[in-house]
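Enquirer: Below you'll find the structure I mean.
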Amino acid sequence: MDELSVVGQVVGGSFGDIVIRQKAGTDLEIGDLMVSEENGSFLILQVFSLEFGSQIQDKMQQMMSGVNLEQGVVDAHFYEPDFVNYVLARIKPLARVYRENNDVKIPKSLPLFFNKLRLIQKDDLKFLQKEKDSVFVGYIRSGSKVIKEAEVWLPAEDVFSHHVLIPATTGRGKSNLVKTILWSVLDTNKVGALVLDAHDEYFGRTGIGLKLHPRAKENLMYYTPSNPPVGANRLTVNLQSIRPEHFEGIVNFSDPQFQAIRMAFRKSRKNWIRDLMLTDAVDAGMESSSQSRGEFATATMMVVQRKLRLLLSLEKDEEGVVFSRHEVFDSTTKGLTTVDDIVKDIEQGKVVILDTSRLGDEAELLVGNIIATKLLQKYKDAKASGELDRKPVATIVIEEAPRVIGVDVLTSRNDNIYSTIAKEGRKFKVGLTAITQLSSVIPKTILANMNTKIILGNEMKQEREAIIASASQDLSQDDKNIASLDKGEAIITSIFVPFAMPIKIPLFEDIVRERGITPETGKTKVF
Amino acid sequence: MLFAHLSDVHLGFQKHESLQKIEQQVFEKCLDECITRKVDFILIPGDLFHVNIPEMRVQKFAFAKFRQVYDAGIPIYVVYGSHDFSPVANSVIDLLAEIGYITKVTRATSHENNTISLECIVDEKTRVKITGLSGLKVGKDREWYEKLDRDSLEAESGFKIFLFHGGILDMKTDTGMDGDQMPLSLLPKGFSYYAGGHMHKFNHQSFDGYSNVVYPGTPFAGYHADLEDNANGQKRGFVLVEFEDVVKSVKFVEIENTLYEIIKVDANNRKAESINQELLEKTRDIDPTNKVVIITVKGEMATGKTADVDISTIRDELNSRNAMVVNVSKNGLTSKEYSITEAKGNNKEEIETNVFSENIGQLRFDYPELLSEQGIKLAKKLLSELGQPVLINERKNEYIPRIRDNALAILGLDDAS
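Residue numbers (this note's numbering), protein chains in the order written: chain G, 1 to 527; chain U, 1 to 417.
Dropping the structure here:
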């Protein structure tokens with residue numbers, strides 16, 4: 001090893017908590033990756049804590065400081081300060097890489113005692129080969145230094161079918177990360193994605209977005225409720241697509257209210273919501289045989305109508321046609337095939353973005369529920385008929401995931417399609433990509449099922465603890481590391497990566513600048 | 001003021017003589033109706049003919065009828081459809097336009113900045129402004145819409161009509177429809193009427209910024225599935241639009257074509273013998289005399305081959321009882337023992353797309369345009385062109401270069417010979 005590249009030397013500690021002395025003049029950071037060269041292999045280690053060390057006792061140092069501060073002696077300093085005072089870094093082994101075949105193993109031994117360490121270099125990361133059909137998430141990061149030559153690619157089918165969790169607080173770059181991932185997904189038709197875009201931020205309706213991907217025309221579908229930009233689709237779902245079970249786990253209906261809904265469905269089938277909204281609640285109540293039952297039915301009917309009206313923003317025009325104010329739901333002939341079209345697109349490996357920014361929380365989840373239910377069923381059918389292997393993996397990208405997979409939701413209501421997918425979707429190649437600020441309110445069983453976590457910065461200790469407890473690698477020493485993650489910095493923990501990888505996610509704008517479409521010039525022949 | 005809107009006539013599609021007669025009669029009835037009702041003009045947004053150069057029989061009666069309409073002083077405005085379009089511009093549409101019986105409304109200019117501007121033509125009598133774009137197979141025309149200078153079109157004042165030929169996703173009512181559809185947002189906004197072709201069922205809807213988007217549907221049949229729809233009660237005809245400054249009414253005018261009988265058999269989890277038995281019984285229950293009889297057998301058989309379902313006996317039986325035509329659809333019939341799932345689809349185009357989609361992944365070429373979605377589109381286009389029949393009186397040494405030139409044009413190659 002070149003002496004100039006040495007940054008420290010192993011001086012003690014135990015497995016998982018090795019102490020090194022930092023070489024004077026170097027500046028180790030939390031999260032820095034370093035290498036300990038050994039026979040035929042090398043260890044990759046990471047700094048998780050830094051502290052001062054000194055050959056002089058504490059009291060003596062304090063006294064010297066007193067001399068400096070109180071006696072006014074200006075130039076009092078240590079004799080050979082670099083030798084006497086230094087920095088101790090606590091590091092943990094992440095991986096052992098065998099040079100012969102670039103095989104990466106979980107380390108089970110300590111580095112050689114007194115071995116000199118250097119910072120990681122691009123050549124040490126040759127094992128990070130891009131596999132076929134993988135998704136780009138960023139570059140390896142050592143502390144705050146980015147190794148641009150070491151790109152991190154995740155195997156798409158494995159990662160998405162085993163669910164992805166993106167825990168982050170606001171402003172840490174989760175939108176940028178999701179856009180980066182989807183940009184890579186758009187390269188091929190190997191991943192189908194349904195993106196419930198509550199902030200209308202991914203497509204790039206008015207600025208830079210996924211629409212600028214060179215394959216956006218073929219692989220990206222954008223549905224928006226009104227005034228779609230040129231080439232985009234109108235998000236209209238016909239009320240006929242909604243069935244009573246789609247409300248389960250999403251909307252709080254009491255048992256009698258649900259019974260009234262099921263009754264309406266049995267009576268009118270396809271047009272049950274329209275008919276229910278046009279039913280006179282008082283007359284419906286009077287039809288009941290006993291008076292008390294009638295009063296109850298009237299009240300129930302009125303509550304159901306009110307809830308549906310609010311949930312779906314339904315109104316009735318003077319001709320008795322039911323319509324929704326935000327134009328997403330239609331009771332006539334529009335949007336009859338929207339759900340099927342979207343499912344078909346996902347099955348073809350396209351990314352479908354639904355602009356749900358004009359919908360309320362529950363309406364957004366309901367629309368997602370209708371599509372996800374059909375999608376999961378189709379994939380189940382494909383598995384039954386032996387055709388699942390030919391389908392692309394499907395993922396449903398959902399923000400504020402605890403709305404549907406939070407402890408309180410799952411204990412107070414029935415399971416919904418999102419929790420079903422989280423629990424059993426893996427068998428059918430359907431997964432969730434859940435984004436959340438609050439991982440701690442997601443049940444441990446579901447968190448443990450999310451086998452890839454891309455952890456962005458989080459200042460809340462409780463949230464960090466929940467993430468660390470459910471990580472695929474041991475992150476017990478990484479609490480401070482996670483807390484100190486800057487915008488765009490992340491740690492990937494996954495059963496599909498050899499160790500918890502510190503990464504830097506590139507700015508989406510830079511990706512677009514480098515790889516986005518360039519405007520065509522020249523004439524087009526029109527017949 | 002009044003105009004008529006018909007589309008997807010697909011003249012020349014029918015192969016059976018009896019159906020050819022109906023095809024002709026329906027077309028003539030539509031135009032007779034336009035003359036009788038004294039419409040100010042007629043719009044035909046594509047697929048007037050089933051192929052770009054139909055057989056002489058078809059051309060003969062079509063020219064005769066268009067002559068009558070011309071003599072009645074009724075202008076006809078058209079765009080190419082995906083069927084009667086030719087990449088080397090040798091469609092019978094061009095011939096009709098050349099002699100002045102019809103007017104092609106696409107007046108497009110391509111600019112160096114890769115945009116396309118359209119100019120409206122003005123109907124002399126009504127001063128209505130009309131423009132539009134042709135439809136190409138497998139949605140190739142989408143590129144034109146993406147490059148369209150829509151601002152200038154949207155700024156045009158007065159009553160204006162846009163002709164287009166293509167499916168609109170926002171108006172889909174049936175999941176089994178052909179997949180080459182585009183979002184409504186590709187059309188320029190603010191026209192008074194959008195005259196659509198390509199979708200074979202009547203559909204009239206309005207959207208924010210797009211009032212009166214209308215498909216009259218085919219007046220008879222342009223796909224085999226249309227006959228089945230007819231047998232199921234689908235009304236056929238064209239559209240009459242009354243207007244002044246704005247559209248006052250859009251009325252569907254039904255044109256009756258012929259009588260139908262339909263026999264449907266669910267083959268799910270059944271053996272061929274039981275299916276054959278049901279077919280025979282159902283055949284005995286109908287009166288097929290002078291009717292088009294549609295037989296559909298769908299589902300997955302429990303055992304045996306799909307060929308074990310004996311259609312020929314049924315066909316003979318119906319023909320002996322003077323059925324006009326017997327059409328059999330076994331597209332949806334599969335067997336657990338012998339199933340080609342790769343070829344499923346609701347119509348010819350969808351089946352072709354599915355077959356290509358299923359198989360293209362096995363190919364390895366250095367040319368990306370031959371692979372994936374692009375490859376499928378190219379293959380479909382090529383297949384369609386190579387399937388063009390020899391025209392009546394067309395000699396082999398005329399037919400071969402015609403097909404070769406068209407095929408090379410599709411492939412974007414020059415003829416090295």
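Just so you know, even glycine gets a beta-carbon here, dropped at the ideal spot from N, CA and C.
If you draw a straight line from the alpha carbon of residue 238 (chain U) to that of residue 135 (chain G), how long is it in whole angstroms?
Expert: Between residue 238 (chain U) and residue 135 (chain G), the C-alpha separation is close to 51 Å.
Enquirer: With a threshold of 8 Å, are at least 3 pairs of Cβ atoms found where one atom belongs to the region 199-217 of chain U and the other to the region 304-324 of chain U?
Expert: Result no; under three Cβ-Cβ pairs closer than 8 Å.
Enquirer: If you follow the beta strand (DSSP E) that residue 198 (chain G) is in, where does it begin and where does it stop?
Expert: Note, residue 198 (chain G): premise wrong, no beta strand (DSSP E); not H, not E.
Enquirer: Could you confirm whether any beta carbon from chain G is found closer than 8 Å to the beta carbon of residue 411 (chain U)?
Expert: No, residue 411 (chain U) does not count as interfacial toward chain G.
Enquirer: Got a sec? Which residues, its chain only, sit under 7 Å from residue 30 (chain U) by beta carbon, not counting five neighbours each side?
Expert: Closer than 7 Å at Cβ, skipping near neighbours: 6, 219, 238 and 255.
Enquirer: So if DSSP puts residue 8 (chain G) in a beta bridge, which residue, or which two residues, is it bridged to?
Expert: Its beta-bridge partners are G:22 and G:117.
Enquirer: Taking just the CA atoms, how far does residue 196 (chain G) sit from residue 372 (chain G)?
Expert: Rounded to whole angstroms, residue 372 (chain G) to residue 196 (chain G) spans 11 Å at the Cα level.
Enquirer: Could one say the Cβ of residue 234 (chain U) lies closer than 8 Å to chain G's Cβ atoms, at least one of them?
Expert: Not one chain G Cβ lies under 8 Å of residue 234 (chain U).
Enquirer: What span of residues does the alpha helix (DSSP H) with residue 324 (chain U) cover, start to end?
Expert: Taken as a continuous stretch (DSSP letters only), residue 324 (chain U) belongs to no alpha helix (DSSP H), as it is neither H nor E.
Enquirer: Are residue 23 (chain G) and residue 11 (chain G) touching if we call contact CB-CB under 8 Å?
Expert: Not closer than 8 Å, so no.
Enquirer: Once the 5 residues before and after residue 399 (chain U) are set aside, which same chain residues still bring their CB inside 8 Å of it?
Expert: Closer than 8 Å at Cβ, skipping near neighbours: 390 and 391.
Enquirer: Would you mind listing the beta strand (DSSP E) stretches within the region 158-233 of chain G that are 3+ residues and don't spill past its ends, in chain order?
Expert: Those beta strand (DSSP E) runs which fall completely within the region 158-233 of chain G and span 3+ residues are 164-167, 191-197 and 220-224.
Enquirer: Taking a cut of 9 Å between CB atoms, which residues from the region 100-119 of chain U lie near chain G?
Expert: Taking 9 Å as the Cβ-Cβ cut-off against chain G, the residues of the region 100-119 of chain U that qualify are 106, 108, 109, 110, 111, 112, 113, 114, 115, 116 and 118.
Enquirer: Give the straight-line distance between the Cα atoms of residue 384 (chain U) and residue 232 (chain U), rounded to the nearest whole angstrom.
Expert: For residue 384 (chain U) and residue 232 (chain U), the distance between alpha carbons rounds to 29 Å.
Enquirer: Is DSSP giving residue 317 (chain G) helix, strand or coil here?
Expert: Correct three-state label for residue 317 (chain G): coil.
Enquirer: For a contact defined as C-beta to C-beta under 9 Å, what are the partners of residue 336 (chain G) on chain U?
Expert: Result: 172, 173, 174 and 175.
Enquirer: CA-CA distance, residue 320 (chain G) and residue 314 (chain G)?
Expert: Going from the Cα of residue 320 (chain G) to the Cα of residue 314 (chain G) covers about 12 Å.
Enquirer: Could you pull the DSSP bridge partners for residue 223 (chain U) from this structure?
Expert: BP columns for residue 223 (chain U) are empty, so no partner.
Enquirer: Taking only runs that begin and end inside the region 52-92 of chain U, name each unbroken beta strand (DSSP E) of 3 or more residues, in chain order.
Expert: Here the runs fully enclosed are 76-79.
Enquirer: Classify residue 56 (chain G): buried if its beta carbon has 16 or more other beta carbons within 10 angstroms, exposed otherwise.
Expert: That one is exposed.
Enquirer: Of all the CB atoms in chain U, is at least one closer than 8 Å to the CB of residue 209 (chain G)?
Expert: Output row for residue 209 (chain G): interface = no.
Enquirer: Please list, in chain order, the chain B residues whose beta carbon lies closer than 8 Å to that of residue 80 (chain U).
Expert: Given the protein chain composition of this structure (G and U), no chain B is represented.
Enquirer: Can you tell me where the alpha helix (DSSP H) with residue 478 (chain G) in it begins and where it stops?
Expert: Run containing residue 478 (chain G): none; DSSP gives neither H nor E here.
Enquirer: Our contact map puts residue 123 (chain U) next to residue 183 (chain U) with C-beta atoms below 8 Å; I'd like the distance itself, whole angstroms only.
Expert: 29 Å between Cβ atoms; not a contact.
Enquirer: Would residue 231 (chain G) count as contacting chain U if we go by Cβ distances under 8 Å?
Expert: By this cut-off, residue 231 (chain G) is an interface position.
Enquirer: If we ignore side chains and look at the alpha-carbon of each, how far apart do residue 440 (chain G) and residue 198 (chain U) end up?
Expert: One C-alpha to the other measures close to 54 Å.
Enquirer: Spatial neighbours of residue 3 (chain U) within its chain, please: CB distance less than 6 Å, with the 5 preceding and 5 following residues excluded, ordered by chain position.
Expert: Once the five neighbours on either side are set aside, the close Cβ partners of residue 3 (chain U) are 39, 40, 41 and 241.
Enquirer: Verify whether the separation of the beta carbon atoms of residue 186 (chain U) and residue 145 (chain U) is less than 8 Å.
Expert: Yes, the pair counts as a contact, with Cβ atoms nearer than the cut-off.
Enquirer: According to a CB-to-CB cut-off of less than 7 Å, which residues of the region 175-199 of chain U neighbour chain G?
Expert: Listed by position, the residues of the region 175-199 of chain U near chain G (Cβ gap below 7 Å) are 175, 183, 184, 185 and 186.
Enquirer: How about residue 373 (chain U): is its C-beta nearer than 8 Å to some C-beta of chain G?
Expert: Yes, residue 373 (chain U) lies at the interface with chain G (some Cβ there is under 8 Å from its Cβ).
Enquirer: What is the DSSP secondary structure of residue 106 (chain G), reduced to helix, strand or coil?
Expert: Looking at residue 106 (chain G) - three-state DSSP - the assignment turns out to be coil, as it is neither helix nor strand.
Enquirer: Could you pull the start and end residues of the beta strand (DSSP E) that residue 210 (chain U) belongs to?
Expert: Residues 210-215.
Enquirer: Classify residue 331 (chain U) as helix, strand or coil using the three-state DSSP reduction.
Expert: Looking at residue 331 (chain U) - three-state DSSP - the assignment turns out to be coil, as it is neither helix nor strand.
Enquirer: Could you run through the region 66-95 of chain U and flag, in chain order, every residue whose CB is less than 9 Å away from some CB of chain G?
Expert: From the region 66-95 of chain U, only 80, 85, 86, 87 and 89 have a Cβ closer than 9 Å to chain G.
Enquirer: Measuring alpha carbon to alpha carbon, tell me which residue in G:213, G:29, G:217 and G:201 is nearest residue 510 (chain G).
Expert: Measuring from the Cα of residue 510 (chain G), the nearest candidate turns out to be G:213.
Enquirer: Buried or exposed, going by whether 16 or more other CB atoms sit within 10 Å of the CB of residue 77 (chain G)?
Expert: The residue is exposed, with fewer than 16 neighbouring Cβ atoms inside 10 Å.
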